[in-house]
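J.: Sequential numbering of the sequence shown, starting at 69, is according to my numbering. By construction, the Cβ of each residue, glycine as well, lies at the ideal position given by its N, Cα and C atoms. Below you will find the structure I want to go over with you.
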Amino acid sequence: MVVLIPIIGFTGSLLLIDFNQQYRWVQIPYDFINQTQGGDPYLYIKIGLTLIVSFLLYIIFMLVTFVINSAFGPKHYSPVDAPQQKFRGGDYKR
């Protein structure tokens, strides 16, 4: 998952940039566009969207895992079920 989610996030960011160019959902600020010659003009936007999409995917998978574990996982110990403690105290002499 550590390798797969960032790859999915990068692919999702590329798709979001392509759809944004087609449908003009959000206007990209001029400051975020890379002005160097020969470089990718949307590099900073791709990095930012990859981080955001990856973070959202981690949250979704974490919530799904939490729901599945709480539904099918073992029940928590109650005070009656918990094993008895073996602490007897120390022998202190002064």
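So, at 6 Å on beta carbons, what are the nonlocal neighbours of ILE101 in its own chain, with the 5 sequence-adjacent residues on each side left out?
T.: The residue given as residue 101 occupies position 33 in the sequence shown. Excluding positions up to five away in sequence, the list reads PRO109.
J.: If you drop the 5 nearest sequence neighbours on each side, which residues of the same chain put their C-beta closer than 8 Å to that of LEU60?
T.: The chain is shown from 69 up to 162; residue 60 falls before or after that span and cannot be answered.
J.: Where does VAL132 fall in DSSP's three states?
T.: Here the question's residue 132 lines up with position 64 in the sequence shown. DSSP places VAL132 in helix when its eight states are reduced to three.
J.: With a threshold of 8 Å on Cβ separation, who are the neighbours of GLN95 within its own chain once the five nearest residues in sequence on each side are excluded?
T.: Within the sequence shown, residue 95 is the residue found at index 27, counting from 1. The answer is none, since no qualifying residue turns up.
J.: What residue range does the alpha helix (DSSP H) around ASP86 cover?
T.: Start at 1 with the first residue of the sequence shown, and residue 86 comes out as number 18. Run containing ASP86: 72 to 91, per the alpha helix (DSSP H) assignment.
J.: Less than 8 Å separating the beta-carbons of GLY77 and THR118?
T.: Residue 77 sits at position 9 when you count from the first residue of the sequence shown. Residue 118 sits at position 50 when you count from the first residue of the sequence shown. Yes, these two residues count as a Cβ contact at 8 Å.
J.: Measure the CB-CB distance between LYS114 and SER138 and report whether it falls below 8 Å.
T.: Start at 1 with the first residue of the sequence shown, and residue 114 comes out as number 46. Start at 1 with the first residue of the sequence shown, and residue 138 comes out as number 70. It is not a contact, given that the beta carbons lie outside the stated cut-off.
J.: For VAL71, count neighbouring Cβ atoms within 10 angstroms of its own Cβ and tell me buried if that reaches 16, exposed if not.
T.: The count along the sequence shown starts at 1 and reaches residue 71 at position 3. Label assigned to VAL71: exposed.
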